[in-house]
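Data first, discussion second: the structure below is written as structure tokens.
Residue numbers (my numbering): 3 to 340.
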């Protein structure tokens, strides 16, 4: 008997966050999880930093302006800590729905924030907590960095080998290859919204970045779920306090997508301003057909010519250690010193 490949429905979120409101963010996530479950989905993917929304203020004015308007304090206070009651609400909601969720959030850990993705299984237990390896440009004024342990793929019964990256991590060839080499089958490519600096910065726009998601699908011969947030009118009203800023950030920007391992679009896209779920039924059996043509980490590679060095050891801020003498009784230390 041959391999039995999982077949199931996936849901990809295109929606505006409950900006700078942690409680409302949790409520909106739970509502979307419940909606996806009611529509038969076994896996749901959320946009980057959906909790409590992407910090657009970092691209619109100076740090002094952001601090003076209260954005910096509010963003910190409304980011999610994993040991909080809000996180427990999310975990229980995923468990109740009996599905797998890949959440996008601003993680608060001590005094620092991280662009994070939280993978939760249908039993409500954590599959993984990952951080964006290197925040992009102005994001480095808000977030710390991840480490090599965040480039991981997780084998899940009924789902397949699941992995995730954020935004412009999809422009990092070595990070992508590290994922491909782990035989990733289903990939979540989380994006914030394509509402910034349009149309004079095409590198930040939907065409370029949807293309990055699509190329990932073809390169990795995997399914790519690309959730994408939208920007609401309320967010623009709050963030754009001068007329000239309306040229920098606009309403909409939602371009969520789902791609098959051959690069085909397998879900009908929503209009950029519309909130909702993209749904698709996927069959992991299609991956073997795609890899038969090109497997960049397998038969289509040349490790004798080019190879990747990957350090997956978690980075620790503090390493506790003891000198040999620390473990000796006092009299032995005196004897050793004499």
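From the three backbone atoms N, C-alpha and C, an ideal C-beta is built for every residue, glycine too.
DSSP places residue 150 within a helical segment (H, G or I) once states are collapsed to three. Taking a cut-off of 8 Å for Cβ pairs, the stretch 223-240 and the stretch 84-93 do not touch, as fewer than three such pairs fall below it. Looking at the backbone, the Cα of residue 85 and that of residue 105 are separated by about 16 Å. Note on geometry: alpha-carbon atoms of residue 322 and residue 131 lie some 24 Å from one another.
Take residue 81, set aside five residues on each side of it, and the residues of its chain with a beta-carbon closer than 6 Å to its own are 108, 110 and 115, in chain order.
Distance between residue 204 and residue 210, taken at the CA atoms: about 7 Å. Counting every other CB atom within 10 Å of its CB across the protein chains shown gives residue 152 a total of 16 or more, marking it as buried. Straight across, the Cα-Cα distance linking residue 271 with residue 280 is about 7 Å.
In this structure, residue 37 lies away from residue 192, with their beta-carbon atoms at least 8 Å apart. When rounded, the separation of the alpha-carbon atoms in residue 119 and residue 87 is 18 Å. Counting the other Cβ atoms within 10 Å of the Cβ of residue 128 gives fewer than 16, which makes it exposed.
Using a C-beta cut-off of 8 Å, the stretch 47-66 makes no contact with the stretch 312-321, since fewer than three inter-stretch Cβ pairs fall below that distance.
Residue 308 carries a coil assignment under DSSP once its states are collapsed to helix, strand and coil. In this structure, residue 182 sits away from residue 148, with a CB-CB distance that is not shorter than 8 Å. Residue ranges of uninterrupted alpha helix (DSSP H) with 4 or more members, entirely inside the stretch 230-288 and ordered along the chain, are 235-241. DSSP, read as helix, strand or coil, puts residue 169 in helix. Cα atoms of residue 164 and residue 244: separation of roughly 43 Å, rounded to the nearest angstrom. If you look at residue 223, you'll find it isn't in any alpha helix (DSSP H); DSSP assigns it neither H nor E.
Scanning the stretch 62-104 for uninterrupted alpha helix (DSSP H) segments of 4 residues or longer gives 65-70, 73-79 and 87-99, listed from N- to C-terminal end. A direct Cα-to-Cα measurement between residue 6 and residue 310 gives close to 32 Å. For residue 157, the enclosing beta strand (DSSP E) begins and ends at 156-158. Bridge partners of residue 128 according to DSSP: 122. Here DSSP, grouped into helix, strand and coil, assigns residue 53 to strand. Sixteen is the threshold: since fewer than 16 other Cβ atoms of the shown chains lie within 10 Å of the Cβ of residue 249, the residue is exposed. Residue 39 and residue 313 have their C-alpha atoms roughly 37 Å apart. Judged by DSSP secondary structure, residue 47 falls within the beta strand (DSSP E) whose first and last residues are 43-47. In the displayed model, residue 300 falls within coil according to three-state DSSP, outside both helix and strand. Scanning 242, 70, 216 and 18 for the CA closest to the CA of residue 62 turns up 242. The criterion of a C-beta distance shorter than 8 Å is not satisfied by residue 206 and residue 177. Under the Cβ criterion (8 Å, minimum of three pairs), the stretch 56-75 does not count as touching the stretch 252-267. Beta-bridge pairing by DSSP links residue 16 to 278.
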